[in-house]
Each structure stands twice: as C-alpha cells, then as structure tokens.
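Take the sequence shown: its position 81, counted from the start at 1, is 81 in UniProt numbering, and no numbers get skipped.
Here the structure is laid out as structure tokens; the discussion comes afterwards.
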Amino acid sequence: MSICHTTDTTFQHDVKSEGYTLVNFWAPWCGPCRFFGPILESFDGEHSSEVRVLKVNVDEQTEIANQHGIMSLPTTILLKNGELIDKVVGGAPLAELKQFVFKHR
C-alpha cells in the first residue's frame, strides 16, 4: 500500500478503518518535513499491512490541521480505530518512528 494524501472532506472516512493509522501533517515549504518524507515512505513500505499511513498538507487542508491543533511541522499523530492515542512533533529517524508506533501495540 502507498501513502494516501487525505483531505478535509475524506479525512474522517480515511481514519475510520479498523486498526492503526499514522497521520503526518506537513507542508511543502517545511525543511524538516522534506527530510521526514522518505522516512515515512520507508515505514509504509515495511509496515503497510499493519499501519495505514496518511499525509495531510496543512497549506491545502487547514480544517484537519485546526481540528488537531497542529502548531508545528511536521506533526504526526497515531490513531487506533479512528481515536487519537499519541502525537509527536518533529521528524525522527526510522527506528524512533517505529518505537513511537509500536509501543502502543
């Protein structure tokens, strides 16, 4: 599965799926976001059967960002069955991203 770019109108549907969803809030002008993008791609390549990965461009999808109180980029939230269970601000190496996600399993 590849990373899905979700929108204000599809977000609720996209995160309602059973299981874990990792949502990354980013912007094209954000340097740390560009660094973190390939890490998310690697994570998705390794764990797409266990965790759904979504991206939200905050410049285009302001409603979702406002609903989740996104103030800094990148910010990544983890949901289980559509409910928020954790949040991290900033990019991280792949090993730290895996720790962030799998400590909740």
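Each residue gets a CB set at the ideal place from its N, CA and C atoms; glycine is no exception.
Taking 4 residues as the minimum length, the alpha helix (DSSP H) runs contained wholly in the stretch 49 to 101 are 62 to 67, in order along the chain. The shortest C-alpha to C-alpha distance from residue 64 to any of 9, 52, 102, 4 is the one to 9. Per DSSP, residue 17 lies in no alpha helix (DSSP H) segment and is marked neither H nor E. Straight-line measurement puts the Cα of residue 31 at about 30 Å from the Cα of residue 19. Contact check for residue 21 against residue 15 passes: the beta carbons are separated by less than 7 Å. Nearest C-alpha to residue 26 among 96, 67, 81, 91: 91. Where residue 39 is concerned, the enclosing alpha helix (DSSP H) starts and stops at 31 to 47. Annotated as distal: residue 44 and residue 70, with beta-carbon spacing of 7 Å or more. Selection 89, 93, 81 evaluated against residue 104 yields 81 as nearest (Cα-Cα).
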